[in-house]
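Data first, discussion second: the structure below is written as structure tokens.
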């Protein structure tokens, strides 16, 4: 096949790609037998008044001699022979014994893809997840958001699919890994839309993800694995030489393990404490905290698309913003931007308020939201390896008290925040956070260096997106769980803990990933490292 890169098409050009490709290659349309979209992105930059364009990478099959056609375009670096398909995972021999199965802790993206990879190779993993299955979890979260009781075992952070299931389902990542195609294909096989295979910014959406993660669970079980919910790892057991040999479950059951893949997520604070008490090597790491901001989605669409905003050919617009302060060395940035989404309650501990953002597949709520975060360095909290957890907890509890002590979240308009007032309810959009909000001064539930940075960044961002710092734009506090506050130290090659062989820390909770896609890849790569060490290629 022939690969065409940087293939620009006006966004409103309704002609078939086959016709456009034929024009590009200078052949008749009926000679183009297949067009496969490898990548599709939106270029909304308007150099010299150029229209918004879709930028494609395409693999094309043409009747006749493709080599002869390629020779005509050999001076065009955007036309070349298509590369071979993505690398195979390989096939490994199944285990010789099953009395010590691999145990996967946590059924977020890292644990899910570690278990799926192991199951496909005949290793029959046992997955233990402290939270509930996704259907029960959905019910518990909906009840909490409608004003019902908070459940520490079943919430936005804990349960089948991990924290990513109740977010936007974004699959963008900066990781460049040859296994990305496999992860995306697995999502599609489980019910995700096929467009995630080629979109530059793919997303699934919370509504679809709930079924996708359930289907992946059922595939693991079909392949011989087990998935146990409401089962928390409360202890580790090691041999005299320090090698992991089993785990304790719910404080009473022992499960022998040939290896343990630890995908606990960034909010399993009691598990971090257990690991610390077990003398597993860990280190503090930087993270970020801040607020969620909401705007009318059409404000963002107009800022990105201009007069073409609202076109059915264009996706709901997003943004990415940064601000750097040279004097302090800190940065502020937008994070987990959710077009057409909702701000949600994401607490995992009683007595704390935590926010996050969520979008369904269609992104059609009419309201855009994003975290606005400021970096927190290890020097900002106590030198203890778990000091970041206490730092996060402090501000979450302050937000809980400011919100009224009933899981309502503290909110403040940008106008009040920048002018030192509080109490305004003249919101540009109705605050989306459930179970409710209370207007307060956000300076009372965030560190001074965070509020100072946001106060400097907001006017700067308003120059990038007109109306971003509108005085009625609502900010909701606090966002504290963008990443893990510590790292479980592992060997670069084997993926095993440097202090406890047989323990494979994976994903966001281990401090080695940031988002659904990178966590899934991390879990898969760790399981492959295990297979290479414990199997023979066949």
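Numbering (the working numbering), first residue to last: 5 to 542.
Beta carbons are placed, not taken as given, at the ideal position from N, Cα and C, and that holds for glycine.
Start-end ranges of the alpha helix (DSSP H) lying completely within the stretch 138-175, minimum 4 residues: 138-149
Thinking just about the alpha-carbon of each residue, which of 133, 132, 159 is nearest to the one in residue 143? Your numbering for residue 143 matches position 139 in the chain shown. It is 159 whose Cα lies nearest to the Cα of residue 143.
Does DSSP put residue 264 in a helix, in a strand, or in coil? Taking the chain shown and counting its residues from 1, the one referred to as residue 264 is at position 260. Looking at residue 264 - three-state DSSP - the assignment turns out to be strand.
Buried or exposed for residue 78, please, with buried defined as at least 16 other CB atoms from any protein chain shown within 10 angstroms of its CB. The residue you call residue 78 lines up with position 74 of the chain shown. Under this definition residue 78 is an exposed residue.
Could you pull out every residue in the same chain whose Cβ sits closer than 7 Å to the Cβ of residue 39, ignoring the five residues on either side in sequence? The residue you call residue 39 lines up with position 35 of the chain shown. Excluding sequence neighbours, residue 39 sits near 21, 22, 25, 62, 64.
Would you list, in sequence order, the uninterrupted beta strand (DSSP E) runs of no fewer than 3 residues that lie entirely inside the stretch 25-103? 36-47, 57-66, 83-85
Local conformation of residue 443 per DSSP, three classes: The residue given as residue 443 occupies position 439 in the chain shown. Residue 443: strand per DSSP, three-state reduction.
Distance CB(residue 166)-CB(residue 111) smaller than 8 Å: Counted from its first residue, the chain shown places residue 166 at position 162. Counted from its first residue, the chain shown places residue 111 at position 107. Taking 8 Å as the Cβ cut-off, residue 166 and residue 111 qualify as a contacting pair.
Could you spell out the range, first to last residue, of the alpha helix (DSSP H) harbouring residue 421? Here residue 421 refers to the residue found at position 417 when the chain shown is read from its first residue. Looking at the DSSP string, the run of the alpha helix (DSSP H) that includes residue 421 is 418-423.
What did DSSP end up calling residue 275 once you bin it into helix, strand or coil? By 1-based counting over the chain shown, the position of residue 275 is 271. Three-state DSSP puts residue 275 in a helix.
Start-end ranges of the beta strand (DSSP E) lying completely within the stretch 205-250, minimum 3 residues: 230-232, 237-242
What does the alpha-carbon distance come out to for the pair residue 542 and residue 251? The residue labelled residue 542 in the question sits at position 538 within the chain shown. The residue labelled residue 251 in the question sits at position 247 within the chain shown. In this prediction, residue 542 has a pLDDT of 43, which is less than 50 and means its spatial position is unreliable; what the coordinates show is noted afterwards. Their backbone Cα atoms lie some 31 Å apart in a straight line.
By alpha-carbon positions, which one of 443, 325, 227, 395 ends up nearest to residue 421? Residue 421 sits at position 417 when you count from the first residue of the chain shown. Measuring from the Cα of residue 421, the nearest candidate turns out to be 443.
Please report how far the alpha carbon of residue 88 lies from the alpha carbon of residue 383, in whole angstroms. Indexing the chain shown from 1 puts residue 88 at position 84. Indexing the chain shown from 1 puts residue 383 at position 379. The straight-line gap from Cα to Cα measures roughly 48 Å.
Return the first residue and the last residue of the beta strand (DSSP E) that residue 491 is part of. Numbered from its first residue, the chain shown carries residue 491 at position 487. Where residue 491 is concerned, the enclosing beta strand (DSSP E) stretches over 490-492.
Beta-carbon within less than 6 Å of residue 116's beta-carbon, same chain only, minus the 5 sequence neighbours each way: which residues are those? Residue mapping note: residue 116 aligns to position 112 of the chain shown, counting from 1. Cβ within range, chain order: 220.
Can you name the start and end residues of the beta strand (DSSP E) that residue 362 belongs to? On the chain shown, position 358 is the one that residue 362 refers to. Unbroken beta strand (DSSP E) run through residue 362: 359-362.
Of the residues 329, 309, 401, which one's Cα is nearest the Cα of residue 16? Numbered from its first residue, the chain shown carries residue 16 at position 12. If we check each option's Cα against that of residue 16, 309 comes out closest.
Residues bridged to residue 378 by DSSP? For the purposes of this step, residue 378 is taken as the residue at position 374 of the chain shown. DSSP lists 293, 336 as partners of residue 378.
For a quick check, are the C-beta atoms of residue 512 and residue 293 less than 8 Å apart? Here the question's residue 512 lines up with position 508 in the chain shown. Here the question's residue 293 lines up with position 289 in the chain shown. No, they are not a contact pair.
Note down, in chain order, each residue of its chain lying with its Cβ closer than 6 Å to the Cβ of residue 448, except the 5 sequence neighbours on either side. Within the chain shown, residue 448 is the residue found at index 444, counting from 1. Correct list, in chain order: 406.
Going by DSSP, which residues form a beta bridge with residue 415? Mapped onto the chain shown, residue 415 falls at position 411. Note: residue 415 sits in a beta bridge opposite 443, 480.
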